[in-house]
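Since the structure comes first, as C-alpha cells, the remarks are kept for the end.
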Amino acid sequence: MSKQVSKYTFFESVSHNFDRAAVYTGLNKGVLSQINSCNSVYRMKFPVRMGEGLNDVEVFEAYRVQHSNHRSPCKGGIRFSMDVNQDEVMALAALMSYKCAIVNVPFGGAKGGIKIDTNKYTEQELERVTRRYTSELVRKNFIGPGIDVPAPDYGTGAREMSWIADTYMAMNNGEIDGLGCVTGKPVTQGGVRGRKEATGLGVFYGIKELCRNKKWMDKVGLSTGVEGKTVVVQGLGNVGYHSAKFFRESGAKIIAIAEYNGSIYNPDGLNEEEVHQHRIKTGSIIDFPGAQNLSNNDEALEMECDILIPAALESVITEENAGRIKAKIIAEAANGPVTVEADKILNDKGVVIVPDIYLNAGGVTVSYFEWLKNLSHVRYGRMEKRFMENSNRGLLDHIDKVTGTKATEDLMDKLAQGPEEVDLVYSGLEETMISSLNDILDTLDKHEDLTSLRTAAFALAIKKIGLAYLELGVFP
Ligand code: NAD
Numbered sequence: 015m016s017k018q019v020s021k022y023t024f025f026e027s028v029s030h031n032f033d034r035a036a037v038y039t040g041l042n043k044g045v046l047s048q049i050n051s052c053n054s055v056y057r058m059k060f061p062v063r064m065g066e067g068l069n070d071v072e073v074f075e076a077y078r079v080q081h082s083n084h085r086s087p088c089k090g091g092i093r094f095s096m097d098v099n100q101d102e103v104m105a106l107a108a109l110m111s112y113k114c115a116i117v118n119v120p121f122g123g124a125k126g127g128i129k130i131d132t133n134k135y136t137e138q139e140l141e142r143v144t145r146r147y148t149s150e151l152v153r154k155n156f157i158g159p160g161i162d163v164p165a166p167d168y169g170t171g172a173r174e175m176s177w178i179a180d181t182y183m184a185m186n187n188g189e190i191d192g193l194g195c196v197t198g199k200p201v202t203q204g205g206v207r208g209r210k211e212a213t214g215l216g217v218f219y220g221i222k223e224l225c226r227n228k229k230w231m232d233k234v235g236l237s238t239g240v241e242g243k244t245v246v247v248q249g250l251g252n253v254g255y256h257s258a259k260f261f262r263e264s265g266a267k268i269i270a271i272a273e274y275n276g277s278i279y280n281p282d283g284l285n286e287e288e289v290h291q292h293r294i295k296t297g298s299i300i301d302f303p304g305a306q307n308l309s310n311n312d313e314a315l316e317m318e319c320d321i322l323i324p325a326a327l328e329s330v331i332t333e334e335n336a337g338r339i340k341a342k343i344i345a346e347a348a349n350g351p352v353t354v355e356a357d358k359i360l361n362d363k364g365v366v367i368v369p370d371i372y373l374n375a376g377g378v379t380v381s382y383f384e385w386l387k388n389l390s391h392v393r394y395g396r397m398e399k400r401f402m403e404n405s406n407r408g409l410l411d412h413i414d415k416v417t418g419t420k421a422t423e424d425l426m427d428k429l430a431q432g433p434e435e436v437d438l439v440y441s442g443l444e445e446t447m448i449s450s451l452n453d454i455l456d457t458l459d460k461h462e463d464l465t466s467l468r469t470a471a472f473a474l475a476i477k478k479i480g481l482a483y484l485e486l487g488v489f490p
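Residues in the sequence shown are numbered consecutively from 15, following our numbering.
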C-alpha cells in the first residue's frame, strides 16, 4: 500500500519474520543470508501505444523478481496495481519461496508486477500492455516452463494468463512444453480445472483443518468445526469470493464483506454470489438488499467474529487498528495483511494468525498441478477414470450378489464413479493443505518457546530451502 503504516517496508517485514524464525533452523549465517536474499531483480520501463495516433505512447513501469533458484523453475503471480513497486515485488517473491517450500511444490519463488490502474484502460489496451510485458520477459530470459512461470495475482486472472501464454508461444514457436510458461490459464487453453478457485479453497481447507483441532480451538474459546462460525471477508475478488463461497457452503455465516469503496453487514449471513451480482449491476457492494451499510472498511475488520479473512492487499491490519480487532482467528488469504507491529499486538492478545505463507498456498499448489499437466500433455483422470468406474462397478455387483441386495441405478452410478480432473485437483489440494498444516504444528511442538504459527511456518520453510541448497551443492 502506498501509505507507510509500519516502520518496516514490506520486504523488511518479510526479512524480520525470517530472522525471528532462522534461529530455529540450525543453518549457518551464510546459508541463511543466501536464502533471505533476492537473486535477481528486473526493473523495466516499456512503451505501449494507447491511442490511434503513432505518437500516442504511454510508458509503463514493471518488475519481475526471482527470489530463489534452489529449484527450477521459479514461480509467482503477476500483479496489476498502482501500488506496485520494487520493494513490494521483492517481498511477494520472497513469500513465494517460503510458500512453495511449505507445501512441497518444487519451485523457487518469484513475483511480477505492472504499475497500472486497470480501471483506466480498455480490454484491448490491457492486452497490449500484457503482451508487451511478456515480450520484455522473453527477451531477458525471465519466463519459460523451465525458467520462471508466472500466474495470476491481484488485478489479473485467466484472461491475462492466456495473453501471456499466446505471446510466449508466438515468440518460441515449436517449443513443445511452451504452454507450461504460465499457469492460471483458461481450461480451454491448457489450464487445469479447479485453478480459479484454488487459493480460496486452500484457505478453506487450511482453516477447516485448524478448526478440527480441539487444542487450538480451546485456545481461542471456540468449538471445533467450521459450521456455525461467523466470518468477515475483506476483498471480494478471486480469493475473497471463493473463500467466502466454501465457508458458506460448509455452514459458516459470512456476516460482513468489505470492499475498498464500501462494506456491508448482515448477522444472518451474506451470499457472496448475490453480492457479486449486485456489485456488477451497481458498481459497488453497498446498498445490497437486506444488508446494512457500514461506515468504513475498518468497521468490518474490527467486527466481533470468529474468523477474519483479509483477502485484498498487504498492511491492512496495523499497529493503529490491531488493538480493536475482535476476531479469534485471522486467516491470511492476502499476502502480508498484518504488519510486524500488529502481529505482536495480536499474538499478545491470543489471536491465532494463520500465516499467508501457508494459508494462501492453494493457488501455487494447483498451479503446480497445471504445470505438470502441461508437461505431460494429458488431462488428469483421462487414463484411470473409466478403469476405476469398471472395477468399482464389478465390486458393487459382487457385493449385491453376495448380500442379495440391489442398489438403485442412481446409487450405483454415484458409488462407481471414477474421478474427473477437478476431483483429483481438489483431493490433491486438500491433502496438501492438511499435511502442511500438520508439518507446521509439528515444528511448533518441537520448540517450547515457539508460539506463533507464522514463525513456525517460516522456520519450516527456511530449513527445507537451506537443505535443498546444501544438497544441491550450489555454493562454489
Ligand atoms: P483480485 O484483484 O481478484 O481481488 C482483490 C479484491 O480486493 C478486489 O475486489 C478489490 O476491489 C478489493 N480491494 C482492494 N483494496 C481493498 C481495500 N482496501 N479494502 C477492501 N477490498 C479491497 O485479487 P486476488 O487475486 O483475489 O488477490 C487478493 C490477495 O490474495 C492479494 O494479496 C494476492 O497477492 C493474494 N493471493 C492471490 C492468489 C491468487 O491465486 N489470485 C494466490 C495467493 C495469494
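Idealized CB from N, CA, C, for every residue including glycine. Keep in mind that this is a model prediction, so the values were computed, not measured.
Apart from sequence neighbours up to five positions away, the residues of its chain that approach residue 60 with a beta-carbon distance below 8 angstroms are 73, 74, 76, 146, 147 and 150, ordered along the chain.
Boundaries of the alpha helix (DSSP H) harbouring residue 212: 212-225, taken from the DSSP string. For residue 308, the uninterrupted beta strand (DSSP E) segment begins and ends at 306-308. Taking a cut-off of 8 angstroms on C-beta distances, the segment 134-144 does not touch the segment 103-117, as fewer than three cross pairs fall below it. Where residue 403 is concerned, the enclosing alpha helix (DSSP H) starts and stops at 399-417. Taking residue 237 as the centre and dropping the five residues before and after it, the same chain places the C-beta of 231 closer than 7 angstroms to its C-beta, in chain order. Inclusion of residue 430 and residue 398 in the CB contact set at 7 angstroms is not warranted, their separation being larger than that value.
Secondary structure within the segment 50-88: the beta strand (DSSP E) runs of 3 or more consecutive residues, fully enclosed, are 54-63 and 71-80 (chain order).
Check the Cα spacing between residue 52 and each of 419, 84 and 446: the tightest is with 84. Distance from the CA of residue 308 to the CA of residue 219, rounded to the nearest whole angstrom, comes to 29 angstroms.
Taking 6 angstroms as the cut-off, the C-beta of residue 250 counts as close to a heavy atom of the ligand NAD. Distances taken from the Cβ of residue 167 to the heavy atoms of the ligand NAD include one shorter than 6 angstroms. Contact between residue 314 and residue 277 holds, since their C-beta atoms are separated by about 4 angstroms, short of 8 angstroms.
Using a cutoff of 6 angstroms, the CB of residue 327 counts as near the ligand NAD, since one of the ligand's heavy atoms is closer than that. Under the 10 Å beta carbon count, residue 303 is surrounded by fewer than 16 other beta carbons and is classified as exposed.
Judged by their CB atoms, residue 40 and residue 216 are not nearer to each other than the 7 angstroms cut-off. With a cut-off of 6 angstroms, the C-beta of residue 253 is classified as near the ligand NAD, since at least one heavy atom of the ligand falls inside that distance. Of the residues 255, 416, 483 and 181, the one whose Cα lies closest to the Cα of residue 348 is 255. Taking each of 55, 357, 94 and 366 in turn and checking the Cα distance to residue 169, the smallest one comes out for 94.
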